Amino acid sequence: MDNPADHLIVFEDVSKFYGEILGVNRVNLSIEPGITSLVGPNGSGKTTLMNLMTGLIQPTRGHVTVLDYNARHPELFFRKVGYCSQFDSFPAGLTGFEFIRSYLLVHGYTKQQTQDMAWRALHRVDLIEAAHRKVAGYSKGMRQRIRLAQAIAHGPSVMILDEPLNGLDPMARSETIRLFRQLAGEGLHLIISSHILHEVDMMSDRVILLNNGYIVAEGDIHGVRDEMEEHPMQILIRCDRPGVLAARVFEQDSVVEARIHKDRHGLFIKTRDADAFYLLLNRVVLDDGLTVESVSPVDDNLDAVYQYLIGSTGEAA
Amino acid sequence: MSTSTEALNFEAPRLGRRALWFRQIAAILRLEVRKNFIGKRAILLYLLAAFPILLMAAVSVQLGTRASSPNNISEANIMFAGILYEPVILRTIIFFGCAWTFMNLFRGEVVDRSLHYYFLAPVRREVLVFGKYFSGIVATLVLFTMTTAGSLMFLYVGLGSSGMDYLTNGPGKGQAMTYLGITWLACVGYGAAFLVIGLFFRNPMIPALIAYGWEFINFLLPPVLKKISVIHYLHSLAPVPVSEGPFAMVAEPTPAYLSIPGLLIFTAAVLTLASYRIRKMQITYGGE
Numbered sequence: 001m002d003n004p005a006d007h008l009i010v011f012e013d014v015s016k017f018y019g020e021i022l023g024v025n026r027v028n029l030s031i032e033p034g035i036t037s038l039v040g041p042n043g044s045g046k047t048t049l050m051n052l053m054t055g056l057i058q059p060t061r062g063h064v065t066v067l068d069y070n071a072r073h074p075e076l077f078f079r080k081v082g083y084c085s086q087f088d089s090f091p092a093g094l095t096g097f098e099f100i101r102s103y104l105l106v107h108g109y110t111k112q113q114t115q116d117m118a119w120r121a122l123h124r125v126d127l128i129e130a131a132h133r134k135v136a137g138y139s140k141g142m143r144q145r146i147r148l149a150q151a152i153a154h155g156p157s158v159m160i161l162d163e164p165l166n167g168l169d170p171m172a173r174s175e176t177i178r179l180f181r182q183l184a185g186e187g188l189h190l191i192i193s194s195h196i197l198h199e200v201d202m203m204s205d206r207v208i209l210l211n212n213g214y215i216v217a218e219g220d221i222h223g224v225r226d227e228m229e230e231h232p233m234q235i236l237i238r239c240d241r242p243g244v245l246a247a248r249v250f251e252q253d254s255v256v257e258a259r260i261h262k263d264r265h266g267l268f269i270k271t272r273d274a275d276a277f278y279l280l281l282n283r284v285v286l287d288d289g290l291t292v293e294s295v296s297p298v299d300d301n302l303d304a305v306y307q308y309l310i311g312s313t314g315e316a317a
Numbered sequence: 001m002s003t004s005t006e007a008l009n010f011e012a013p014r015l016g017r018r019a020l021w022f023r024q025i026a027a028i029l030r031l032e033v034r035k036n037f038i039g040k041r042a043i044l045l046y047l048l049a050a051f052p053i054l055l056m057a058a059v060s061v062q063l064g065t066r067a068s069s070p071n072n073i074s075e076a077n078i079m080f081a082g083i084l085y086e087p088v089i090l091r092t093i094i095f096f097g098c099a100w101t102f103m104n105l106f107r108g109e110v111v112d113r114s115l116h117y118y119f120l121a122p123v124r125r126e127v128l129v130f131g132k133y134f135s136g137i138v139a140t141l142v143l144f145t146m147t148t149a150g151s152l153m154f155l156y157v158g159l160g161s162s163g164m165d166y167l168t169n170g171p172g173k174g175q176a177m178t179y180l181g182i183t184w185l186a187c188v189g190y191g192a193a194f195l196v197i198g199l200f201f202r203n204p205m206i207p208a209l210i211a212y213g214w215e216f217i218n219f220l221l222p223p224v225l226k227k228i229s230v231i232h233y234l235h236s237l238a239p240v241p242v243s244e245g246p247f248a249m250v251a252e253p254t255p256a257y258l259s260i261p262g263l264l265i266f267t268a269a270v271l272t273l274a275s276y277r278i279r280k281m282q283i284t285y286g287g288e
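These protein sequence lines are chains C and V, in that order.
According to this note's numbering, the first sequence is numbered sequentially starting from 1.
According to this note's numbering, the second sequence is numbered sequentially starting from 1.
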């Protein structure tokens, strides 16, 4: 019988303390396949969560399992898991090709297999031409890509990627995000931390927001936003007669603010119940013959959620 | 960047557990031996290994000016054992060479922040300990065998044709093999000890110096305490008896049939301890 834990990354009441310093506290999570992004300011616990998942550090309390495997059995665990960590360091003297191939040999693959796998991984990150150059001479973006190649070279089912877009140029970022989406589409787990919120928003199926070692929100970003009742949803309605709409929106108690746009062709509203507002808008269109050009939530995105929940200047780390 | 996904379905190696371990140890050896011989840390090792050879080459030139006789050979043997081999090669060069090599196997990777690549591979950490240990053994055996053999060669070359005859056809051959055996055992024993020190201490030079002090004063210790050392067992195997001076506490040398298995058992115990330690080890680098 299929065990649900075979498909999940599970944190059960996990805490990690570095001496007296809190890493993460009382984390309970079940992460499904797809792209899950970890978002939070510096020191919020993102890397700690990733290191706990991969057994680089051990929890002070609780258990972590990845697809029902535990990092205490690395010979099984790391066939399934690849981790592209944030440590920007490499064994001395190796070329990009040697770096990938050497650790594939440690996996136990034959020389021929490792050669094929290393070339494929290098191809995927577009480093074929630099394959025989020393890693020490790579640019930051190339070092990032070679670490990504090393993490995916053995074809893991779970990829844990700590700031994988750092140092990449816009083209490479876009290609990398496309690669992540493809892999997620194949049923892989991708756990990604990133400080670029609009990219996280674009590629993630769900987010985990962390602050000071605690999980402050998790789930689909729109679901998280919907649950934030203390911050009414902001919606911009572009229409021909915003005054008519403004007069009607206060029929609903959930609408707390309405403001006509400067160009007088739109209305900003703040509501605690977006679904009820959309129903009302339909009625206004029918009753008053309002012509609506567009309806767009203004703060139904990760940037807004991050600012509301974590309250910084919007620059996650 | 390629977004093709056909490359992500690799089968795990289908090997028995032991065959997999051997293959993994071979892969670790391949990586580590290269580091031990080519890395910047190898420079100190080369300097250490070359020093006695250069010293003996100089002595050889000096001896070459004197007529060689059986008395000279006997004196040279005593001089080699008492002045060069035990105090310089064994107690200093091999001791610090092993300290440098084996403590850096793990500690060096922590400093370089590259140990996590091993910890993220599907390899048992005990296998990693053995792979790294063997790589240290390969490096130190190669270098210090050359040190010992090179020093002996210059000793007997300096004594002229009778010296070379003593080495190739006389008792010198057996003595040379014994010296090489002691060198190998020293690498095996000290190597294991320093590997475990490198795993337990953030600054392993302090315990290494304490160990050096303990080995250095071994001749002053009562017989029971003498036995809690590596040098006592190596000293017992010496082919030419070496005086430990007027202040030495005299103790019966441990016979070879006890000292050799004793050192090997010590090595096995220490590697077991290292395996236990590595299973608990966490990667925090700067934060540890």
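All C-beta atoms, glycine included, are put in the ideal place defined by N, C-alpha and C.
Because the structure is a prediction, the values reported are computed rather than measured.
Can you tell me which residues form a DSSP beta bridge with residue i?
| i | result |
| --- | --- |
| D162 (chain C) | C:S193 |
| G219 (chain C) | C:V207 |
| P297 (chain C) | C:I235 |
| S15 (chain C) | C:R61 |
| K270 (chain C) | C:Q234, C:E257 |
| G189 (chain V) | For G189 (chain V), which the question treats as bridged, DSSP gives no partner whatsoever. |
| T36 (chain C) | C:I191, C:R206 |
| I89 (chain V) | None; I89 (chain V) has no bridge partner. |
| S30 (chain C) | C:V10 |
| L22 (chain C) | C:F17 |
| Y179 (chain V) | In the DSSP output, where bridge partners are listed per residue, Y179 (chain V) has none listed. |
| Y214 (chain C) | C:N211 |
| V292 (chain C) | C:C239 |
Report the rounded CA-to-CA distance for residue i versus residue j, giving the unit in angstroms.
| i | j | result |
| --- | --- | --- |
| V138 (chain V) | S44 (chain C) | 45 Å |
| T313 (chain C) | L210 (chain C) | Only weak support exists for where T313 (chain C) lies, its pLDDT of 45 falling under 50; the value from the coordinates is given anyway. If I take the Cα positions, the gap works out to 15 Å. |
| E244 (chain V) | I217 (chain V) | 10 Å |
| V125 (chain C) | E126 (chain V) | 33 Å |
| L234 (chain V) | G174 (chain V) | 16 Å |
| E315 (chain C) | K132 (chain V) | Low per-residue confidence applies at E315 (chain C): pLDDT is 46, beneath 50, and the placement is therefore not dependable, though the value from the model is reported in the following sentence. Taking the straight line from one Cα to the other gives about 43 Å. |
| D220 (chain C) | H189 (chain C) | 15 Å |
| E288 (chain V) | I228 (chain V) | Low per-residue confidence applies at E288 (chain V): pLDDT is 43, beneath 50, and the placement is therefore not dependable, though the value from the model is reported in the following sentence. If you take the alpha carbons of E288 (chain V) and I228 (chain V), they lie about 31 Å apart. |
| T5 (chain V) | L8 (chain C) | Only weak support is given to the placement of T5 (chain V): the predicted model assigns it a pLDDT of 44, under 50, and the value that follows is read from those uncertain coordinates. Distance between the alpha carbons of T5 (chain V) and L8 (chain C): 22 Å. |
| P232 (chain C) | L22 (chain C) | 33 Å |
| V207 (chain C) | G108 (chain V) | 37 Å |
| G213 (chain C) | L199 (chain V) | 29 Å |
| N77 (chain V) | V240 (chain V) | 7 Å |
| Q58 (chain C) | N51 (chain C) | 8 Å |
| P255 (chain V) | F144 (chain V) | 24 Å |
| L122 (chain C) | P164 (chain C) | 16 Å |
| V129 (chain V) | M205 (chain V) | 20 Å |
| P297 (chain C) | R143 (chain C) | 39 Å |
Beta-carbon separation of residue i and residue j under 9 Å?
| i | j | result |
| --- | --- | --- |
| L56 (chain C) | Q24 (chain V) | no |
| R320 (chain C) | G266 (chain C) | The structure shown does not extend to residue 320 (chain C), since chain C is modelled only from 1 to 317, so the question has no answer here. |
| H154 (chain C) | Y109 (chain C) | yes |
| H198 (chain C) | N301 (chain C) | yes |
| E230 (chain C) | V224 (chain C) | no |
| E12 (chain C) | H63 (chain C) | yes |
| F78 (chain C) | A192 (chain V) | no |
| V188 (chain V) | L115 (chain V) | no |
| G160 (chain V) | I53 (chain V) | no |
| L152 (chain V) | A186 (chain V) | no |
| V106 (chain C) | V123 (chain V) | yes |
| V256 (chain C) | K270 (chain C) | yes |
| F268 (chain C) | Q252 (chain C) | no |
| I210 (chain V) | T147 (chain V) | no |
| G163 (chain V) | I265 (chain V) | no |
May I ask you to check if the CB of residue i is nearer than 8 Å to at least one heavy atom of the ligand PLP?
| i | result |
| --- | --- |
| L180 (chain V) | Inclusion of the ligand PLP in the displayed structure is not the case, the ligand content being empty and no account of it being possible. |
Practice item. Can you check the stretch 49-102 of chain C for any beta strand (DSSP E) of at least 3 residues that lies completely inside it and give the ranges in chain order? Key: 61-66, 81-84
Review point. On the three-pair Cβ rule with 8 Å, is the stretch 279-294 of chain C touching the stretch 188-202 of chain C?
Key: no
Review point. What are the start and end residues of each continuous beta strand (DSSP E) run of 3 or more residues lying completely inside the stretch 192-243 of chain V, in chain order?
Key: none
Exercise for review: Flag this pair as touching only if the stretch 134-148 of chain C and the stretch 88-97 of chain C have three or more C-beta atom pairs under 8 Å; answer yes or no.
Suggested key: yes
Check your understanding: Does the stretch 172-189 of chain C come close enough to the stretch 46-62 of chain C to have 3 or more Cβ pairs within less than 8 Å?
Key -> no
Check your understanding: On the three-pair Cβ rule with 8 Å, is the stretch 114-123 of chain C touching the stretch 74-94 of chain V?
Key -> no
Review point. Whole alpha helix (DSSP H) runs in the stretch 107-169 of chain C with 4 or more residues, listed along the chain?
Key: 111-124, 140-152
Check your understanding: What are the start and end residues of each continuous alpha helix (DSSP H) run of 4 or more residues lying completely inside the stretch 241-285 of chain V, in chain order?
Key -> 256-280
Practice item. Decide if the stretch 91-103 of chain V is in contact with the stretch 17-34 of chain V; the criterion is three or more beta carbon pairs, one per stretch, under 8 Å apart. Key: no
Check your understanding: Could you give the uninterrupted runs of the beta strand (DSSP E) lying entirely in the stretch 149-175 of chain V, keeping only those of 3 residues or more?
Key -> none
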